[in-house]
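K.L.:
Protein sequence lines correspond, in order, to chains A and B.
Heads up: the first sequence begins at 7 in my numbering, then just goes up one per residue.
Heads up: the second sequence begins at 6 in my numbering, then just goes up one per residue.
Would you mind keeping the following structure in view while I ask a few things?
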Amino acid sequence: MISLLKRFREPIFVIALLAFPLVTFFVKAKKGRDLSPADRAVLLLIEPAERVITLVAYKAVDTWNGYIALRSVRRENLELRRERLQALAIQQQSGELKFENERLKRLLDYADKQTPTRMLAARVIAVGASPHSHSLRIARGSDDGIVKGAAVLSHDGVVGTVASLTGSYADVQLIVSPLSAVPALSQRTRSRSTVKGTGDYNRCKLEYALRTADLQEGDLLVSPGGGYFPAGTPVGKVTNVAKKPTGMFLDAQVVPSVDFSRLDEVLVVIQAPPLAPAIPQDVPAGPGTQGSGP
Amino acid sequence: MTLRFLLVILVCILLAIAESVLPFLVHFRVARVDLLLVVVLYLALHDDVMEGAALSAVAGYLADLTSATPAFLYTFLAVLTFVVLRTVGSGLKTEGGAQSAAVAFGAAVVHSLIASLVFGFFTGSGVHVETQALLWSALGTGLLAPLVFGILRRLDAGFLHAEGPAPRGIR
């Protein structure tokens with residue numbers, strides 16, 4: 007027996023090396039990843055190095071831009087003053103709209119229980135290393151209050167969710183990952199659907215959109231709220247709508263709102279917004295009845 | 006565990022860091038080069054079975070950790086790639102830069118296709134092959150393969166020089 011083991015030790019070793027990861031992957035493929043202490047130990051070696059390299063590169067670029075930008079400071083200053091005036095005008099208008107909104111809500115006995123969503127800014131320090139991963143690594147982790155599954159946003163819209171994390175770092179699974187599925191709501195028609203990643207950075211697939219829904223090319227999809235994603239956050243725009251003659255759902259694609267190739271900083275939701283308040287029965291559904299988004 | 010074994014692991018860690026940081030810094034995030042695959046390729050063609058398979062598993066594990074995919078996908082693929090390349094290895098030539106680039110390009114294409122199949126099959130997300138990203142990735146991997154081969158050859162040459170006779174695992 008021992009001589010047999012000795013004789014075939016190479017194939018036995020290789021088969022074991024193949025079988026263990028395959029079985030583990032098979033069991034855990036759909037459950038996501040929880041980092042083991044060994045994983046965390048290895049990441050402790052890798053992540054600080056990634057952080058230092060990225061920060062040094064950022065610093066170098068910032069210093070360079072700081073000198074180059076001085077040449078156009080005067081022109082930029084004038085533009086900023088003009089923009090500030092415009093912003094003040096908009097602010098006044100939105101103040102009026104806010105008061106009007108409050109008045110109407112009181113009129114409709116519509117209790118707004120939404121609390122402001124708490125978000126944390128996080129710097130992106132790396133991307134998923136393998137060609138098939140659609141992930142980012144950010145320099146924030148569970149020590150900052152981030153939990154697995156937390157929503158990650160940018161000023162353009164939904165970026166993804168936290169897939170795994172250590173104390174000071176987190177890996178974000180982008181919405182374009184084939185493992186990602188994000189609930190969405192058409193801003194125009196209020197019809198619900200799911201945006202599923204395809205592995206292509208420029209395109210997602212729209213699933214479970216009813217064939218009867220009046221979805222059109224260019225319709226903006228936003229997050230419906232009630233989950234981790236704050237209500238009203240842009241997800242993407244509908245494109246390539248194809249209505250089949252039969253079946254419940256239509257076929258369409260979604261162009262993500264976020265340009266994933268230019269994400270340097272993101273926002274992580276560290277306190278999920280509560281469920282959108284129930285809408286009184288006598289109020290017709292329509293734009294503005296979903297609760298106040300951020 | 007030999008010193009060479011540890012040094013190859015260190016090279017793998019450095020390559021994993023480069024793989025994840027460099028595309029981000031140059032804003033090239035559509036396709037990634039697979040430097041750890043080149044290490045597996047080198048190990049399959051130059052190492053003995055036990056050490057090469059173990060180091061391939063380590064390289065795959067590092068790819069797993071830095072890619073936020075389900076656990077052990079790349080570990081399995083790395084060992085599988087090692088076995089396949091080892092089996093067909095006698096027909097592969099990687100002496101010159103062009104040869105190693107061509108072999109790495111081919112290996113990257115096959116590896117990507119198998120990864121997409123396994124990933125789609127086991128996660129239930131369906132098989133998606135992004136041809137353009139796949140070719141960019143394979144091209145980048147092929148172009149950088151001579152560099153990685155050079156690093157590993159230099160490492161092995163250092164051992165040859167230091168120890169006199171050929172170290173264990175090197176043909």
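Ideal Cβ placement from N, Cα and C applies to all residues, glycine included.
Could you check whether Leu23 of chain A and Val13 of chain B sit closer than 8 Å to each other, using their CB atoms as the reference points?
P.N.:
Working through the second sequence from its first residue, we reach residue 13 of chain B at position 8. Working through the first sequence from its first residue, we reach residue 23 of chain A at position 17. In this structure, Leu23 of chain A does not lie closer than 8 Å to Val13 of chain B by Cβ.
K.L.:
Using only the alpha-carbon positions, how far apart do His116 of chain B and Leu82 of chain B sit?
P.N.:
Reading the second sequence from its first residue, position 111 is the one you call residue 116 of chain B. Reading the second sequence from its first residue, position 77 is the one you call residue 82 of chain B. Rounded to whole angstroms, His116 of chain B to Leu82 of chain B spans 8 Å at the Cα level.
K.L.:
With distance defined between alpha-carbon atoms, name the residue in A:Leu41, A:Leu226, A:Val158 nearest to Val168 of chain A.
P.N.:
The residue labelled residue 168 of chain A in the question sits at position 162 within the first sequence. Among A:Leu41, A:Leu226, A:Val158, the Cα nearest to that of Val168 of chain A is on A:Val158.
K.L.:
What is the residue span of the alpha helix (DSSP H) that Glu24 of chain B lies within?
P.N.:
One-based indexing of the second sequence puts residue 24 of chain B at position 19. Unbroken alpha helix (DSSP H) run through Glu24 of chain B: 8-30.
K.L.:
Output yes if chain A places a C-beta closer than 8 Å to the C-beta of Pro151 of chain B; else output no.
P.N.:
Counting from 1 along the second sequence, the entry for residue 151 of chain B is found at position 146. With 8 Å as the cut-off, Pro151 of chain B does not count as an interface residue toward chain A.
K.L.:
Could you check where the alpha helix (DSSP H) with Lys12 of chain A kicks off and where it finishes?
P.N.:
Residue 12 of chain A sits at position 6 when you count from the first residue of the first sequence. Looking at the DSSP string, the run of the alpha helix (DSSP H) that includes Lys12 of chain A is 8-13.
K.L.:
Does Ile8 of chain A have its Cβ less than 8 Å from a Cβ in chain C?
P.N.:
Although the question refers to chain C, the structure presented lacks it and instead comprises the protein chains A and B.
K.L.:
Does the Cβ-Cβ distance between Leu28 of chain A and Ile18 of chain A come in under 8 Å?
P.N.:
Reading the first sequence from its first residue, position 22 is the one you call residue 28 of chain A. Reading the first sequence from its first residue, position 12 is the one you call residue 18 of chain A. Their beta carbons are not under 8 Å apart, which means Leu28 of chain A does not touch Ile18 of chain A by this criterion.
K.L.:
Within the 8 Å Cβ cut-off, does Ile14 of chain B reach chain A?
P.N.:
The residue given as residue 14 of chain B occupies position 9 in the second sequence. For Ile14 of chain B, the answer is no, since every Cβ of chain A falls outside 8 Å of its Cβ.
K.L.:
Mind checking who Ser160 of chain A pairs with in its DSSP beta bridge?
P.N.:
Looking up residue 160 of chain A in the first sequence gives position 154. According to DSSP, Ser160 of chain A bridges with A:Gly163.
K.L.:
Output yes or no for whether 8 Å exceeds the beta carbon distance between Val44 of chain B and Leu20 of chain B.
P.N.:
Taking the second sequence and counting its residues from 1, the one referred to as residue 44 of chain B is at position 39. Taking the second sequence and counting its residues from 1, the one referred to as residue 20 of chain B is at position 15. Yes, they are a contact pair.
K.L.:
How about Leu181 of chain A: is its C-beta nearer than 8 Å to some C-beta of chain B?
P.N.:
For the purposes of this step, residue 181 of chain A is identified with residue 175 of the first sequence, where counting begins at 1. Just to set this straight, residue 181 of chain A is Ile in the shown sequence, not Leu. No, because no Cβ of chain B sits closer than 8 Å to the Cβ of Ile181 of chain A.
K.L.:
If the cut is a Cβ gap below 7 Å, which residues of chain A does Thr71 of chain B touch?
P.N.:
Looking up residue 71 of chain B in the second sequence gives position 66. Residues of chain A passing the Cβ test: Ile52, Gly134, Ala135.
K.L.:
Looking at the unbroken alpha helix (DSSP H) that takes in Val104 of chain B, where does it start and where does it end?
P.N.:
On the second sequence, position 99 is the one that residue 104 of chain B refers to. Per the sequence shown, the amino acid found at residue 104 of chain B is Gln instead of Val. Unbroken alpha helix (DSSP H) run through Gln104 of chain B: 102-128.
K.L.:
In the DSSP assignment, find the alpha helix (DSSP H) that holds Ala128 of chain A and state where it starts and stops.
P.N.:
The count along the first sequence starts at 1 and reaches residue 128 of chain A at position 122. Counting along the chain, Ala128 of chain A falls outside any alpha helix (DSSP H), though it belongs to the beta strand (DSSP E) covering 124-133.
K.L.:
Are the beta-carbon atoms belonging to Ala187 of chain A and Thr204 of chain A less than 8 Å from one another?
P.N.:
Your numbering for residue 187 of chain A matches position 181 in the first sequence. Your numbering for residue 204 of chain A matches position 198 in the first sequence. No. Outside cutoff.
K.L.:
If the criterion is Cβ atoms closer than 8 Å, does the pair Leu273 of chain A and Leu126 of chain A meet it?
P.N.:
On the first sequence, residue 273 of chain A is found 267 positions in, with the first residue counted as 1. On the first sequence, residue 126 of chain A is found 120 positions in, with the first residue counted as 1. It is a contact, given that the beta carbons lie within the stated cut-off.
K.L.:
Using a Cβ-Cβ cut-off of 6 Å (strictly less than) and excluding sequence neighbours within five positions of Arg91 of chain B, which residues of its own chain qualify?
P.N.:
Residue mapping note: residue 91 of chain B aligns to position 86 of the second sequence, counting from 1. Ala49, listed in sequence order.
K.L.:
With a threshold of 8 Å between beta carbons, is Glu16 of chain A in contact with chain B?
P.N.:
As a first step, residue 16 of chain A must be located in the first sequence, where it is residue number 10. So yes, Glu16 of chain A belongs to the interface.
K.L.:
State whether the segment 245-262 of chain A contacts the segment 201-220 of chain A, with contact taken as three or more CB pairs (one from each stretch) at a distance under 8 Å.
P.N.:
The segment 245-262 of chain A vs the segment 201-220 of chain A: in contact.
K.L.:
Residues of chain B with CB closer than 8 Å to the CB of Ala157 of chain A, please, in chain order.
P.N.:
The residue you call residue 157 of chain A lines up with position 151 of the first sequence. Under the 8 Å cutoff, chain B gives no residues; its nearest Cβ is about 16 Å from Ala157 of chain A.
K.L.:
I want to verify the contact list: residues of chain B whose CB lies under 7 Å from the CB of Lys12 of chain A, in sequence order.
P.N.:
Position 6 of the first sequence, counting from 1, holds the residue named residue 12 of chain A. Residues of chain B passing the Cβ test: none, with the nearest at roughly 12 Å.
K.L.:
For the candidate residues A:His161, A:Ser148, A:Pro184, A:Ile181, whose alpha-carbon lies nearest to that of Leu171 of chain A?
P.N.:
Here the question's residue 171 of chain A lines up with position 165 in the first sequence. The option with the nearest alpha carbon to Leu171 of chain A is A:Ser148.
K.L.:
Between the alpha carbons of Gln120 of chain A and Glu24 of chain B, how many angstroms are there, rounded?
P.N.:
Within the first sequence, the letter at position 114 stands for residue 120 of chain A. Within the second sequence, the letter at position 19 stands for residue 24 of chain B. Per-residue confidence for Gln120 of chain A stands at a pLDDT of 48, beneath the threshold of 50, marking its modelled position as unreliable; no derived number is given.
K.L.:
So, are the CB atoms of Leu70 of chain B and Val48 of chain A less than 8 Å apart?
P.N.:
Residue numbering aside, residue 70 of chain B sits at position 65 when the second sequence is read from its first letter. Residue numbering aside, residue 48 of chain A sits at position 42 when the first sequence is read from its first letter. Their beta carbons are under 8 Å apart, which means Leu70 of chain B touches Val48 of chain A by this criterion.
K.L.:
Let me know if Ile342 of chain A comes out buried or exposed under the rule of 16 or more other beta-carbons within 10 Å of its beta-carbon.
P.N.:
Summary: the structure shown does not reach residue 342 of chain A, with chain A confined to residues 7 through 300, and so no result is reported for it.
K.L.:
Below 7 Å on C-beta distance, what does Arg268 of chain A contact in chain B?
P.N.:
Counting from one through the first sequence, the residue named residue 268 of chain A turns up at place 262. His32, listed in chain order.
K.L.:
In chain A, what lies closer than 9 Å to Arg37 of chain B by C-beta?
P.N.:
For the purposes of this step, residue 37 of chain B is identified with residue 32 of the second sequence, where counting begins at 1. By Cβ distance, chain A contributes Val133, Gly134, Ala135, Ser136, Pro137, His138, Ser139.
K.L.:
Near Gly166 of chain A, what residues of its chain come up, given a Cβ to Cβ distance below 6 Å and the 5 sequence neighbours on each side ignored?
P.N.:
Locating residue 166 of chain A in the first sequence gives position 160, counting from the first residue. Answer for Gly166 of chain A: Val158, Val178, Gln179, Leu180, Ile181, listed in chain order.
K.L.:
What residues in its chain sit with their C-beta under 7 Å from that of Ala162 of chain B, if we drop five residues either side in the sequence?
P.N.:
The residue labelled residue 162 of chain B in the question sits at position 157 within the second sequence. Cβ within range, chain order: n/a, list empty.
K.L.:
Can you pull out the residues from the segment 189-223 of chain A whose beta carbon lies closer than 7 Å to at least one beta carbon of chain B?
P.N.:
Correct list: Thr204, Gly205, Asp206, Tyr207.
K.L.:
State the DSSP-derived secondary structure class of Thr80 of chain B, mapped to helix, strand or coil.
P.N.:
Sequence index remark: in the second sequence, residue 80 of chain B carries index 75 (1-based). Three-state DSSP puts Thr80 of chain B in a helix.
K.L.:
On a Cα-Cα basis, can you pick out the residue from A:Val244, A:Arg194, A:Val260, A:Leu185 that is closest to Lys34 of chain A?
P.N.:
Working through the first sequence from its first residue, we reach residue 34 of chain A at position 28. Nearest option by C-alpha distance: A:Leu185.
K.L.:
Hey, quick one: how far does the alpha helix (DSSP H) through Ser42 of chain A stretch, first residue to last?
P.N.:
Mapped onto the first sequence, residue 42 of chain A falls at position 36. It is not in any alpha helix (DSSP H) - Ser42 of chain A carries neither H nor E in the DSSP assignment.
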